[in-house]
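What follows is a single structure, written as structure tokens, with notes after it.
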Amino acid sequence: MKLATQVLSLILALSLLAGCATPRGAPGALTDLKPGERPALATDEAGLWMAMDRVEANLKTSGHVVTDPALNSYVQGIVCRLAGPHCASIRVYIVQTPHLNASMAPNGMMQVWTGLILHADNEAQLAYVLGHEIGHYVRRHSVQLFRDVRLKSNATLFLNVLAGAAGVGFVGPLIQLAALSSVFAFSRDNEREADEVGFELMVLAGYDPHEAAKIWEALLAQRAATKDSQPSIFFATHPPTGERVATLKALAEKTRTAPGELDLGRERFLAATGPFRATMLRDELRLRRSAATQLLLDRLAASGSAPGEIQFFQGELYRLRGESGDDVKAIAAYEKAAAAGDVPPEAHRSLGLVLMKARANARARAAFFRYLELRPDAQDGAMIRDYLKRLE
Amino acid sequence: MRTLPLLLLVPVLVIACAPVKLIENTRVSIGDTYSVDPQLRWASVPARPGLDLWTVDGAALDSVMFIKGVADGEAVFRGPIRSGAPDDDKRPKFRTEMTPSDIAELFVDSYALFRNQKLETAGLRPEKFGTEDGFRFEMTWVTPAGLEMQALVAGAIIKKRLHAVVYSGARAHYFPKYRDAVEKLLTSIKLQ
Ligand SMILES: [Zn+2]
């Protein structure tokens, strides 16, 4: 119930703001946030920050955040490389969820969802999206939006959304942020501006500017494959349009860069995110959107890294999809994975399960034995030994 | 677009606000397949089609869910879930030829439909469900609200249908609170 209380005080804070008779500052009259700058007390902006501080406190202690220090310092490092003097004011939270999103609150809380990391090819692509979010922050778009909304006397929208959230009893960071990010659907001008800032920051940091359009292209393809079944919050607020891609492509063409100096950061990206790829792919597979996941696996396979792991997940996709002929495809993928070497022990269990269904008992037994050999303390060992008995 | 967040807030298992009914602490039939000794003073709360849901402190904190016979090709959770969740026909489905390993995966994927995260299973093992050959496993996850949950799942395929009892609760306090009583409830299962 602690969470509900927090949200109620958040609503209270915002209603006090909304009740102010005269808004301070007109929309559009905002200057960029200076490094380390905090809004003056008793302004609507300070109220917005305070509200976000509470959301942040809530997020920090929730089970959603990836706590691994290496991955966190890697992403924070990219932010610092991009944001320069603003670095110390931006706090990165990596949220474990297969949905695609990154967001930036006015108080400096940045969220990077693991679904975004999984869908980036390299550090330059991730850096571009982070730069876009930093753009919203430095240009104070959320404050501008908040004032616009209030001028249109729609401030109750904020309150209604949050009050709705409070009604459930338990309100957590994901719900709040889903709510907030739809409220914070920035104007097209703000989006264009953030695109430009993101692009500028990545170029200044020495990243390859062509990667900006490439990640939008990948997301465009991803959205087309996902259709309407799982609309993401990020796509709702950041439509990956052809116009966006074209603008960024044109910008990249115009950018003068010395050949051979452009940084993709691919090796660093793979080293830092590799240990989490299996977890991220497992979360992705759970969405059971095989067409979109197939696109992702194709991209990962083409990149050539961790071929055994990628083949294993290709097998998992076939096994879980279970269309006619998928069992044969799954077996082939698992065998390819095993041949590639860097395969998780669970690949042998999956192979055993498919072979057991195909009544290839001897081969199924061999696969299960291999699994237990590689994972002697397997959490499902008792069940696997039961299968082995039945297969005798 | 802007109504999306409110739709996200549909509670996980409870659909409507129908009256709560106290469960008598005498032998109770679950559908027409088996009966149990409840062990505790549970309240029955409204649930999705094909489910019975009992709770002591509120379904968000602790509950016993009886999954009363999922047929081949059916999803575990039917009915509206949230805006953006796949329709019934695109949800992960039960198949009669599923192994307990597949079923554990089916549960995890079905719980993921509610935007639960960090879903893990542990301790999958064969265990009798009444007199039928069945299985048990444990499951942990984090709810969209950030609450860490734990569950004990016991089930079996009886006459080609998936039957299961899922005891779940907030990991820190509620799950351990009624665990022993639920273990006894599971041992009390008698097929009809
Ligand atoms: Zn944006």
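Quick note, the sequences are listed as chains L and C, same order.
If you want the working numbering, it's the position in the first sequence, counting the first as 1, plus 28.
If you want the working numbering, it's the position in the second sequence, counting the first as 1, plus 721.
Every residue gets a Cβ at the ideal spot worked out from N, C-alpha and C, and that includes glycine.
Item	Value
Closer than 8 angstroms to chain C by CB, Leu419 of chain L	no
6 angstroms Cβ shell around Phe896 of chain C - same chain, five flanking residues per side excluded	Gln871 and Gly890
Contact residues within the segment 380-398 of chain L, judged by C-beta distance below 8 angstroms to chain C	Leu381, Met384 and Lys385
Residues that Val863 of chain C contacts on chain L, provided the C-beta gap is smaller than 8 angstroms	Ser90, Gly91 and His92
Under 9 angstroms from the C-beta of Arg294 of chain L: neighbouring residues of chain C	Chain C residues near Arg294 of chain L: none, gap ~28 angstroms exceeds 9 angstroms.
Min CB distance Ala410 of chain L to chain C below 8 angstroms	yes
Same chain, Cβ closer than 6 angstroms to Leu292 of chain L, five either side skipped, listed in chain order	Asn150, Ala152 and Asp236
According to DSSP, residues forming a beta bridge with Pro847 of chain C	C:Phe856
Any chain C beta carbon closer than 8 angstroms to Arg272 of chain L	no
Residue interval of the beta strand (DSSP E) (run including Gln342 of chain L)	That residue, Gln342 of chain L, is in no beta strand (DSSP E); its alpha helix (DSSP H) goes Pro335 to Arg349.
Heavy atom of ligand 1 within 7 angstroms of Phe214 of chain L beta-carbon	yes
Leu774 of chain C at chain L interface by Cβ criterion, 8 angstroms	no
Distance, Gly75 of chain L Cα to Arg82 of chain L Cα	11 angstroms
Reduced DSSP secondary structure (H/G/I, E/B, other) of Ser117 of chain L	helix
Near ligand 1: Glu224 of chain L beta-carbon under 7 angstroms from a heavy atom	no
Segments of 4+ residues assigned as alpha helix (DSSP H) that fall wholly inside the segment 285-328 of chain L	294-313
Chain L within 8 angstroms of Thr820 of chain C, Cβ atoms only	yes
Neighbourhood of Ala133 of chain L by C-beta distance below 6 angstroms, restricted to the same chain and skipping five residues each side	Met80
Helix, strand or coil at Trp244 of chain L [DSSP, three-state]	helix
Arg762 of chain C versus Asp778 of chain C: straight-line alpha-carbon distance, rounded	10 angstroms
Where Asp773 of chain C falls: helix, strand or coil (DSSP)	strand
Same chain only: Cβ atoms within 7 angstroms of Val382 of chain L, ignoring 5 sequence neighbours per side	Arg347, Asp355, Ala358 and Ile359
Where Arg418 of chain L falls: helix, strand or coil (DSSP)	helix
Any non-hydrogen atom of ligand 1 closer than 7 angstroms to His160 of chain L Cβ	yes
Chain C within 8 angstroms of Asp414 of chain L, Cβ atoms only	yes
Local conformation of Ser90 of chain L per DSSP, three classes	coil
Minimum Cβ-Cβ distance from Gln339 of chain L to chain C less than 8 angstroms	no
Within-8 angstroms CB hit, Pro770 of chain C to chain L	no
8 angstroms Cβ cutoff, Ser784 of chain C in contact with chain L	no
Boundaries (first-last residue) of the alpha helix (DSSP H) holding Met384 of chain L	Glu374 to Lys385
Buried or exposed (CB count within 10 angstroms, at least 16 for buried), Asp408 of chain L	buried
Reference Val157 of chain L; option with closest CA among L:Glu420, L:Gln139, L:His169 and L:Gly112	L:Gln139
Opening and closing residue of the alpha helix (DSSP H) in which Leu144 of chain L lies	Thr142 to His147
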